[in-house]
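Residue numbers (the numbering used here): 1165 to 1543. Worksheet for the structure shown next.
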């Protein structure tokens, strides 16, 4: 099949959606399909390149229909319509890479993967009517979960029918590799070690990490937290082109200067990040919005217990604790740190669930089957 994937970002940029699209694209290419990805431009990367068998086409575009779309929108649309695709898949709503397609008339079977919706956001009230109208024409929606994500309410309200449920995945081979010993190298052996892995975006609510450590310290629990993250370029006024970072990057860096119990680590290699997740005592997720956060699945694959706010579909996952407040998060962490046996049991539960439902090869099988079904229905 000739397959087109569209997404606002793709590696070398690192975050959840780019990683999902990379995994699917590379694995489908390995199976002999011709896979193209249309995505955003990255400084230092060629506009067209082949990465691990996937042809990547980059366009300097930013924004969405509500905030406005700026840049090479016409070039992106011309490319999307320049080839006959057997199937296309658009990843993420409220982003230019999907929103621009609302104006394209095509008979190409199209899969839409929203990765969660902010459906109750009043600023996007009119947007979702346009999205629903687009989906009614030869589109198949994939949801990452049967519950806990707002796309279910969106489908019901607009009478769009049921979605195909395909969860996110994990590269189990990557997580089977031996640890690198970063805990010792970073001098984190002497006290309980918490880990947070997430980009510096406002929805990740990194301010909660500082409040969490303050609460643990006031309750006489001495622990250290390492936050591994990446800054993303600021979109406002296109300041990212000047090297300005968006989200909570600057506030986190400033607060960390005065918080000895938190270490901020930037742009860490993938191998060291994986090893850190494997070696930490507990991972924490403080986000205010998620769909199906990869860091939770990766903690499960590592056999590391996790504690997360009740966002997206985390309540469906094994191997951790779901909480609704910082005080509950602190209490869950204290419980886990005080019971090594409980941490081991939760870790094993997480690994078992990953093997059963979230191996990327199994997930790719399901996407490939869906693509073939849509291709055959078109003929």
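We put the beta carbon where it would ideally sit given N, CA and C, even for glycine. Predicted model, so just to flag it, every value in this text is computed and none were measured.
Presumed contact (8 Å Cβ cut-off) between residue i and residue j, rounded CB distance
i: residue 1528; j: residue 1191; result: 4 Å
i: residue 1450; j: residue 1373; result: 6 Å
i: residue 1202; j: residue 1240; result: 6 Å
i: residue 1307; j: residue 1327; result: 4 Å
i: residue 1111; j: residue 1276; result: Here the chain covers residues 1165 to 1543 and nothing more, so residue 1111 does not appear.
i: residue 1366; j: residue 1389; result: Actually they do not touch by this definition, with Cβ atoms about 19 Å apart.
i: residue 1362; j: residue 1393; result: 6 Å
i: residue 1252; j: residue 1170; result: 7 Å
Bounding residues of the alpha helix (DSSP H) (the contiguous stretch that carries residue i)
i: residue 1213; result: Where residue 1213 is concerned, there is no enclosing alpha helix (DSSP H), although the beta strand (DSSP E) it sits in stretches over 1212-1215.
i: residue 1460; result: 1458-1466
i: residue 1552; result: Within the shown structure, residues of the chain are numbered from 1165 to 1543, placing residue 1552 beyond reach of any answer.
i: residue 1290; result: 1289-1299
i: residue 1507; result: 1504-1521
i: residue 1170; result: No alpha helix (DSSP H) holds residue 1170; the beta strand (DSSP E) holding it covers 1166-1170.
i: residue 1422; result: Here residue 1422 belongs to no alpha helix (DSSP H), and DSSP marks it neither H nor E.
i: residue 1174; result: Run containing residue 1174: none; DSSP gives neither H nor E here.
i: residue 1436; result: 1434-1443
i: residue 1500; result: 1490-1501
i: residue 1541; result: 1524-1542
i: residue 1343; result: It is not in any alpha helix (DSSP H) - residue 1343 carries neither H nor E in the DSSP assignment.
i: residue 1319; result: 1315-1321
Residues near residue i in its chain [Cβ-Cβ closer than 8 Å; skip 5 each side]
i: residue 1210; result: 1222
i: residue 1193; result: 1199, 1216, 1217, 1218
i: residue 1293; result: 1322
i: residue 1334; result: 1458, 1461, 1462, 1464, 1465, 1518, 1522, 1523, 1524
i: residue 1280; result: 1308, 1313, 1314, 1315, 1453, 1454, 1455, 1456, 1476
i: residue 1491; result: 1379
i: residue 1282; result: 1258, 1288, 1314, 1453
i: residue 1429; result: 1390, 1391, 1392, 1393
Range covered by the beta strand (DSSP E) that runs through residue i
i: residue 1391; result: 1388-1393
i: residue 1333; result: First-last for residue 1333: undefined, no H or E at that position.
i: residue 1470; result: 1470-1473
i: residue 1371; result: Looking at the DSSP string, residue 1371 is not in any beta strand (DSSP E); the run it does join, the alpha helix (DSSP H), is 1371-1382.
i: residue 1449; result: 1446-1449
i: residue 1105; result: The shown model of the chain, from 1165 to 1543, leaves out residue 1105, and the question about it has no answer.
i: residue 1274; result: 1274-1277
i: residue 1304; result: 1303-1307
Contacts around residue i, its chain only, beta-carbon distance under 6 Å, and the 5 residues preceding and following it disregarded
i: residue 1380; result: 1387, 1494
i: residue 1175; result: 1182, 1186
i: residue 1228; result: 1258, 1259, 1260, 1263
i: residue 1278; result: 1257, 1315
i: residue 1370; result: 1412, 1416
i: residue 1481; result: 1460
i: residue 1547; result: Outside the modelled stretch of the chain, which goes from 1165 to 1543, sits residue 1547, for which no answer is possible.
i: residue 1249; result: 1166, 1168, 1272
Below-8 Å beta-carbon distance, residue i vs any chain D residue
i: residue 1416; result: No chain D is part of this structure, which consists of one protein chain only.
7 Å Cβ shell around residue i - same chain, five flanking residues per side excluded
i: residue 1443; result: 1343, 1346, 1347
i: residue 1423; result: 1374, 1377
i: residue 1236; result: 1223, 1224, 1225
i: residue 1284; result: 1314
With 16 other Cβ atoms within 10 Å as the buried cut-off, status of residue i
i: residue 1304; result: buried
i: residue 1384; result: exposed
i: residue 1488; result: exposed
i: residue 1138; result: Given a span of 1165 to 1543 for the chain in the structure shown, any question on residue 1138 remains unanswerable.
i: residue 1329; result: exposed
i: residue 1274; result: buried
i: residue 1509; result: exposed
i: residue 1421; result: exposed
i: residue 1266; result: exposed
i: residue 1225; result: buried
i: residue 1268; result: exposed
Closer than 7 Å: residue i CB and nearest the ligand GDP heavy atom
i: residue 1378; result: As far as ligands go, the structure on display features none, and thus does not contain the ligand GDP.
request  = Quick one: which unbroken beta strand (DSSP E) runs of 3-plus residues sit fully inside the segment 1180-1267? Chain order, please.
outcome  = 1198-1204, 1212-1215, 1218-1223, 1225-1228, 1232-1235, 1251-1255
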